[in-house]
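Read through the structure below, which is laid out as structure tokens, and then see the notes.
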Amino acid sequence: MSLPAIKPADARRLLDSGALLIDIREADEHAREKIPGARHLPLSKLDEIDLAVHQGKPVIFHCKSGARTQANAPRLARKLGDAREAFIVEGGLDAWRKAGLPVVTDRRQPLELQRQVQIGAGSLAVMGTLLGLFVSPWFFAVPAFVGAGLITAGVTGFCGMARILMRAPWNRSVYGSPARAA
Numbered sequence: 001m002s003l004p005a006i007k008p009a010d011a012r013r014l015l016d017s018g019a020l021l022i023d024i025r026e027a028d029e030h031a032r033e034k035i036p037g038a039r040h041l042p043l044s045k046l047d048e049i050d051l052a053v054h055q056g057k058p059v060i061f062h063c064k065s066g067a068r069t070q071a072n073a074p075r076l077a078r079k080l081g082d083a084r085e086a087f088i089v090e091g092g093l094d095a096w097r098k099a100g101l102p103v104v105t106d107r108r109q110p111l112e113l114q115r116q117v118q119i120g121a122g123s124l125a126v127m128g129t130l131l132g133l134f135v136s137p138w139f140f141a142v143p144a145f146v147g148a149g150l151i152t153a154g155v156t157g158f159c160g161m162a163r164i165l166m167r168a169p170w171n172r173s174v175y176g177s178p179a180r181a182a
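For the sequence shown, counting from 1, position 164 maps to 164 in full-length UniProt numbering; every step adds exactly one.
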């Protein structure tokens with residue numbers, strides 16, 4: 001079973017009449033920007049949550065662009081069961097914002113981890129290439145290392161740079177302090 005997509009304005013009308021809006025993005029994304037009143041239920045924790053508590057109310061799911069909710073629509077529908085109405089916000093948070101609907105942005109929160117990795121990897125690749133061209137060809141090892149790390153992350157799902165960035169001081173409000181060895 002798939003979930004029907006609805007326009008942001010239609011989702012807003014449903015919310016005004018008691019529907020439940022669920023943000024399926026991860027914690028770092030939700031902390032930086034969110035729709036007021038949306039409940040946070042990241043996809044990574046979907047199996048741990050019981051949505052039966054909210055029986056009877058229509059449920060509306062959203063992500064940033066709508067692609068993640070669309071790709072996971074069967075899983076979300078299974079979680080809810082057949083007992084209630086459920087929808088996906090067409091175009092996600094981006095379309096919600098473009099429709100002029102309210103969004104809360106907290107610029108004190110760090111950028112999403114994926115964007116931090118992209119900035120870090122891109123910066124290392126550019127700097128390694130420039131240093132390789134103008135200082136020593138040995139610096140070409142830096143973009144090669146970054147490329148190998150990106151390939152590894154894509155194949156295995158493990159991103160070393162993301163793990164390091166999660167421990168950075170600016171990310172502690174979202175990911176917590178790293179555990180200290182006793």
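Even glycine gets a Cβ: it sits at the ideal position worked out from N, Cα and C.
Taking all protein chains shown into account, decide if glycine 172 is buried (16 or more other Cβ within 10 angstroms of its Cβ) or exposed.
At residue 172 the sequence reads arginine, which differs from the glycine that was named. Under this definition arginine 172 is an exposed residue.
Which same chain residues, not among the five before or five after alanine 95, have their C-beta less than 6 Å away from its C-beta?
Within the same chain, alanine 95 has close Cβ partners Pro8.
So, under 8 Å CB-CB, glycine 66 and glycine 92 are touching, yes? Tell me the CB distance rounded to an integer number of Å.
About 4 Å separates the two Cβ atoms, so the contact holds.
Suppose you measure from the CA of threonine 105 to the CA of valine 135; what does that come to, to the nearest Å?
Cα to Cα, threonine 105 sits roughly 42 Å from valine 135.
Mapping the DSSP letters down to three states, classify alanine 67 as helix, strand or coil.
In this structure, alanine 67 counts as helix in the three-state DSSP scheme.
Quick one: what does DSSP say phenylalanine 158 is sitting in, helix, strand or coil?
It is coil, neither helix nor strand.
Can you tell me the Cα-Cα spacing of proline 110 and valine 117, whole angstroms?
Cα to Cα, proline 110 sits roughly 12 Å from valine 117.
Threshold first: 3 residues or longer. Then list the beta strand (DSSP E) segments lying entirely within the stretch 23-104, N to C.
List check, beta strand (DSSP E) in window: 59-62 and 86-89.
Would DSSP call alanine 19 helix, strand or coil?
If DSSP states are grouped into helix, strand and coil, alanine 19 belongs with coil.
With respect to the alpha helix (DSSP H) encompassing serine 173, which residues constitute its N-terminal and C-terminal limits?
That run of the alpha helix (DSSP H) goes 172-175.
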